[in-house]
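Protein chains: 2
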Amino acid sequence: MNLDFFFYPKSVAVVGASTIPGKVGYELVKNIVEAGFGGDIFPVNPKGGSILGLKVYPSVKSIQSIPDLAVIVTPAETVPGIVGECGSIGVKGVVVISGGFSEVGNRWLEEELVAYARKYGVRVIGPNSAGIINTSINFHACMEFRVPRGPISLISQSGAVGGILFALAREGCIGFSKFVSCGNSCDVSEVEVLEYLLMDDDTGSIALYLEAIHDGRRFIDVCRKFRGVKPMVAFKAGKSSAGVRAAASHTGALASPYHIYSSLFKQFRILEAPSLSGLFSSSKFLGLGFRAKGPRIMIVTNSGGPGVIATDLCESFGLMVPEPSEELKSKLRSFLPQICSLRNPIDLTATGGYDWYYGVLKE
Amino acid sequence: MNLDFFFYPKSVAVVGASTIPGKVGYELVKNIVEAGFGGDIFPVNPKGGSILGLKVYPSVKSIQSIPDLAVIVTPAETVPGIVGECGSIGVKGVVVISGGFSEVGNRWLEEELVAYARKYGVRVIGPNSAGIINTSINFHACMEFRVPRGPISLISQSGAVGGILFALAREGCIGFSKFVSCGNSCDVSEVEVLEYLLMDDDTGSIALYLEAIHDGRRFIDVCRKFRGVKPMVAFKAGKSSAGVRAAASHTGALASPYHIYSSLFKQFRILEAPSLSGLFSSSKFLGLGFRAKGPRIMIVTNSGGPGVIATDLCESFGLMVPEPSEELKSKLRSFLPQICSLRNPIDLTATGGYDWYYGVLKE
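Keeping their order, the protein sequence lines are chains C and A.
Using this note's numbering, read the first sequence as starting at 13 and increasing by one per residue.
Using this note's numbering, read the second sequence as starting at 13 and increasing by one per residue.
Structure follows, in structure tokens:
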């Protein structure tokens, strides 16, 4: 399925736009405007008026042209009708930011939403989504803060996790290509987005924050079809029994036992991250094109304690931290003083500076 | 054993003091001076001269009074003799910053050092130590950067780990009371320091970074004697086989199998931290006097993903994240909108602000 209308819309309506700063309906319009989106932006609110210099339309139908995409932030009970209205005039995709659906037990309302979407042939991301981003066209229809352009694409069942990774990216001097907060995945599933991103040229690596996969069969098919095409890193939340319940109150998802995910990840060479920072750093290095040649790791440090901790971590991930060959050791000994340990970690001690690091890394 | 002369010296000599900024022998004097130590500081270097306005003495013997403590930063082979000299004139304690002893295989040199110390009755911290800190008297004889006063005391077999925890403390707005970098623990062991700190009124919680305990028998005795007196948190490094080898090249320590440590920690109610940040945050909250009443945890969040991750973590530590009672739920429902999940985590959603948090925490 081509999801281009979600990622490359020429125009976007924001239904439930607000004139009051701080309200979701205002901040969303502000984010889209300030990110520098080049297409048309149509705020929609029955009250009319204008927001950030943009004319506010009383309804989607009253917009002079048909927007490619609509982002909806109105109260839950109004959403199914609005989705239907969007579909009836030919809007191709809808992102529903509004919450209050299956994640709080309102399954019937979510089913109504899906029924309207199917009836009028419109695709839906969400509800309970934090939005969608494509930095290559400065499109930021998202509640999370802005993030620079870069090689990582992120599919997340939590908007806040997007925010956390964006914050890490700022510190880590790397950016994102595309981000989708799937929310409850009532129509477009995380698997469908994954398939799309696996074919996306701007995406160097794919990071997945998963609480539950909604369509396991399709997930397996997509992973099999695209095995090895692009590096993927996943963090699975909802591992414990209480975590599964928490995931259910978050996106209405019912998670399968963790070990099933774990073995799927292994089978399809999806790297499993032990933490969100691991998810970020792995997708960063893979996105930049770094690949390890094998499982043998050499650690170079200028302080012993962190060297020991890094060694433990390597072994816990199944990597090896072998002693260097006598040949390499004698090469290193030729320019490193006696005080340095050469047994891997190579410990340059607190005196170790640029020259020694460079010397060791060159060998 | 009373170690007051290490932590409350009235005067300190720095043997191997240097006039060249950037050199360990200069930075150490600078740290002591700039921290605002009220006692006498005697830099020692055969070259004489002055450092930061302080007169440099050609030898420890030439100082007009006997310093309580000497900090040594001279090349390894000179250290045993200097320790002997210090002891012979009545210096009570010596902190050896210099490395190049058992951690790089020079066991004989370390044995010589110990022999001199025993002969002249002087106690030794190190060698290969990053120094010692007591913020209550602004005493900072340490290579790591300065840190504000506070309730945490840290015993570490790595100086750099001290630096990492100090950095976390700056961000986390909390300070340290005492810090000892034990280095190779050739004389004063981490266990002896532990016993001292367990009796220290300024210490609210004790953080331990351990690669190996040098005197297991005594460790058990101390833990048994002081069980429950003060909260202790430990991070054990050198868990894996390569990690044990790395620890040996770091402080010359031979670590026992990890499970022995793990069960000792359990037996003596020493909290085991899974990471350095865990070591810091646990000792922070325990140092401030926070105590959990039991294993039942209520998580309040304004974003679902982090709530699910926190739930998983709680369960992995053996804590419980139970559903709230119907009574509590109906109380919360009285002021929280339908969109919030009340199943623990209590998810206030992105709209959740101060009032809702306050309301939930009050109940």
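In this text, a Cβ means the ideal position worked out from N, Cα and C, and glycines have one as well.
What does the Cβ neighbour count give for residue i, buried or exposed, with the cut at 16 atoms within 10 Å?
i, result
"A:Thr90", "exposed"
"C:Val27", "buried"
"A:Ile53", "buried"
"C:Val103", "buried"
"A:Ser346", "exposed"
"C:Gln169", "buried"
"A:Ser287", "exposed"
"A:Asp367", "exposed"
"A:Phe178", "buried"
"C:Ile272", "exposed"
"A:Asp199", "buried"
"A:Ile185", "The sequence given here has Cys at residue 185 of chain A, not Ile. It counts as exposed."
"A:Phe329", "exposed"
Going by DSSP in three states, residue i sits in which element: helix, strand or coil?
i, result
"A:Leu348", "coil"
"C:Pro269", "coil"
"C:Pro55", "strand"
"A:Arg182", "helix"
"C:Phe302", "coil"
"C:Gly105", "strand"
"A:Asp199", "coil"
"A:Tyr369", "helix"
"A:Cys98", "helix"
"A:Tyr128", "helix"
"A:Pro139", "coil"
"A:Glu46", "helix"
"A:Leu64", "coil"
"A:Val359", "Rather than Val, the amino acid found at residue 359 of chain A in this sequence is Asp. Strand."
"A:Tyr20", "coil"
"C:Phe238", "coil"
"C:Arg257", "helix"
"C:Arg119", "helix"
"C:Ile176", "helix"
"C:His262", "helix"
"C:Thr90", "helix"
"C:Lys73", "helix"
"A:Gly284", "Per the sequence shown, residue 284 of chain A should be read as Glu rather than Gly. It is a strand residue."
"A:Leu15", "coil"
"A:Pro318", "helix"
Report, in whole angstroms, the separation of the C-beta atoms of residue i and residue j, which I expect to be a contact under 8 Å.
i, j, result
"C:Ala181", "C:Val159", "6 Å"
"A:Ile145", "A:Lys190", "6 Å"
"C:Leu81", "C:Ile167", "So it is not a contact: roughly 18 Å between Cβ atoms."
"A:Ser268", "C:Glu327", "Not quite, the Cβ-Cβ distance comes to about 17 Å (not below 8 Å), so this is no contact."
"C:Met310", "C:Ile358", "7 Å"
"C:Gly93", "C:Pro139", "13 Å between Cβ atoms; not a contact."
"A:Val372", "A:Val333", "About 15 Å separates the two Cβ atoms, so there is no contact after all."
Can you check whether the C-beta of residue i is within less than 8 Å of a C-beta belonging to chain C?
i, result
"A:Gly65", "no"
"A:Lys59", "no"
"A:Val26", "no"
"A:Thr361", "yes"
"A:Thr215", "no"
"A:Ser315", "yes"
"A:His271", "no"
"A:Ala172", "yes"
Consider the Cβ of residue i: report whether some Cβ of chain A lies at a distance smaller than 8 Å.
i, result
"C:Arg8", "Given a span of 13 to 375 for chain C in the structure shown, any question on residue 8 of chain C remains unanswerable."
"C:Lys341", "no"
"C:Thr86", "no"
"C:Ser295", "no"
"C:Ser353", "yes"
"C:Lys42", "no"
"C:Thr90", "no"
"C:Val372", "no"
"C:Val83", "no"
"C:Gly112", "yes"
"C:His152", "no"
"C:Ser328", "yes"
> Pairing CB atoms from the stretch 280–298 of chain C with CB atoms from the stretch 222–238 of chain A, are three or more of them under 8 Å?
Replying inline: no
> With a cut-off of 8 Å, do at least 3 Cβ pairs link the stretch 69–81 of chain A to the stretch 37–47 of chain A?
Replying inline: no
>> Count Cβ pairs between the stretch 311–325 of chain C and the stretch 203–217 of chain C that sit closer than 8 Å; are there 3 or more?
In response: no
>> Check whether the stretch 311–320 of chain A and the stretch 262–278 of chain C are in contact - that is, three or more C-beta pairs closer than 8 Å.
In response: yes
> How about the stretch 62–70 of chain A and the stretch 20–39 of chain A: do they share at least three Cβ pairs that are nearer than 8 Å?
Replying inline: yes
> How do the stretch 245–254 of chain A and the stretch 265–279 of chain A stand: do at least 3 beta-carbon pairs fall below 8 Å, yes or no?
Replying inline: yes
> Taking one C-beta from the stretch 114–134 of chain C and one from the stretch 150–165 of chain C each time, how about it: are there three or more such pairs within less than 8 Å?
Replying inline: no
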